[in-house]
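In the working numbering, the protein residues as written are 2 to 283.
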């Protein structure tokens, strides 16, 4: 049995506050991937708005409702033409507050919205954290989402995998800041290794779409990556500073195979949560 799927991660440079440009770029990169046969395209975090807001007014002005906003509307039309799906980061307006969100858009329209659980640095000034982990059944398989800093917490990806997610999309804005090593000598960033470990621990594909460029003194580091369910890269890492479209052919049935580490072991059924308690040694 086989369930082949062509996936894509689009790495490019949104412009903070330039909604029309960002919408056009989301469509352009998604269309390019679909024209090359991709049925699932992942775009960066906050692709609709840009990332480094000047103030509350700019954060609010660049927010939109997923249900009837222009970004989802434009992507829905594109998905309908190509019978494909896009997962894109957006600045979500939710009444009087906002969320750093990812939307799943298909020919049917808006299918799911995920709100980032773990807000990073100044995101805490602009957004409210989410409270759940939606999982969506697409025609080709079961898909979950996390966003950027969420990856550094093992629980969300584990919860999604245990709920049946075979692929986890990761819209991200990995940054060069806080005096950390950015890339190693092979061009991998720390986020790439975290994604690889997450895939290996859970038996799930990871599609990480980062951005490039600089906004108001914050530099973004590229290195987008697509990781197989066994934890090894199947595309990428992408460039540190250039726009790039990663495309990979995967088989979603490999997720189940990756979880069966040996004929007598399975990453999910071998778990022993009843034993995961700390005992103090006197």
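Here a beta-carbon is modelled for each residue, glycine too, at the ideal position from N, C-alpha and C.
Using CA coordinates, which residue listed in 214, 112, 163, 51 is at the minimum distance from residue 270?
Ranking the options by Cα distance to residue 270, first place goes to 163.
What did DSSP end up calling residue 194 once you bin it into helix, strand or coil?
helix
Given a threshold of 16 other Cβ atoms within 10 Å of its Cβ, counted over all protein chains shown, does residue 65 qualify as buried or as exposed?
buried
Helix, strand or coil at residue 71 according to DSSP, with G and I counted as helix
helix
Which first and last residues belong to the alpha helix (DSSP H) in which residue 255 is found?
254-260
Of the listed residues 159, 130, 74, nearest to residue 115 (C-alpha basis)
If we check each option's Cα against that of residue 115, 130 comes out closest.
If you scan the stretch 148-198 from start to end, which runs of the alpha helix (DSSP H) of 4 or more residues do you find wholly inside it?
155-163
Just to confirm, is the Cβ distance from residue 243 to residue 213 under 8 Å?
Contact: yes.
Quickly, what does DSSP pair residue 12 with across the bridge? List them, please.
245
In this structure, what does DSSP give as the bridge partners for residue 33?
None; residue 33 has no bridge partner.
Quick check for students: name the residue ranges of the alpha helix (DSSP H) that lie wholly in the stretch 95-142, counting only runs of 4 or more.
124-127
Cα-Cα, which of 60, 78, 67, 52 is closest to residue 29?
78
Could you check what DSSP says for residue 205 in three-state terms: helix, strand or coil?
The three-state reading of DSSP puts residue 205 in coil, since its state is none of H, G, I, E or B.
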